[in-house]
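Numbering (the numbering used here), first residue to last: 9 to 102. Just so it is clear, CB atoms sit at the ideal spot from N, CA and C, and this is done for glycine as well. Keep in mind that this is a model prediction, so the values were computed, not measured. Structure record follows, encoded as structure tokens.
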């Protein structure tokens, strides 16, 4: 469960690989306006991975579809696009 803008949202994921610290790079001027993508990083094996901004994704979804409950699914792998993603979350206050 995630609290986003006063709303509680449940996320269903296929797998959690773990937690890691990465150096995030911005997407440059051509992709700067892509909502919900914070940037990208290059993994140790050379693979480029997108970093998703959870709060922005949820905010964009509610602006587009309103506050009605909806099932939203990211089908990056299932649609034949091999786009690995990391989920960025801000550190929680203690």
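**Request:** Measure how close the beta-carbons of residue 49 and residue 59 come, nearest whole angstrom, since I'm counting them as under 8 Å.
**Result:** If you number the chain shown from 1, residue 49 lands on position 41. If you number the chain shown from 1, residue 59 lands on position 51. Sure, about 6 Å apart at Cβ, within 8 Å.
**Request:** Could you spell out where the beta strand (DSSP E) holding residue 52 opens and where it closes?
**Result:** Position 44 of the chain shown, counting from 1, holds the residue named residue 52. First-last for residue 52: undefined, no H or E at that position.
**Item:** C-alpha distance - residue 175 paired with residue 39, whole-angstrom precision
**Value:** The chain is shown only over 9 to 102; residue 175 falls outside these bounds and no answer can be derived.
**Message:** Measuring straight from C-alpha to C-alpha, what distance separates residue 66 and residue 44?
**Reply:** Within the chain shown, numbered from 1, the residue matching residue 66 stands at position 58. Within the chain shown, numbered from 1, the residue matching residue 44 stands at position 36. Spanning the two alpha carbons is a distance of roughly 8 Å.
**Asked** Under three-state DSSP, which class holds residue 59?
**Response** Along the chain shown, one-based indexing puts residue 59 at 51. Looking at residue 59 - three-state DSSP - the assignment turns out to be strand.
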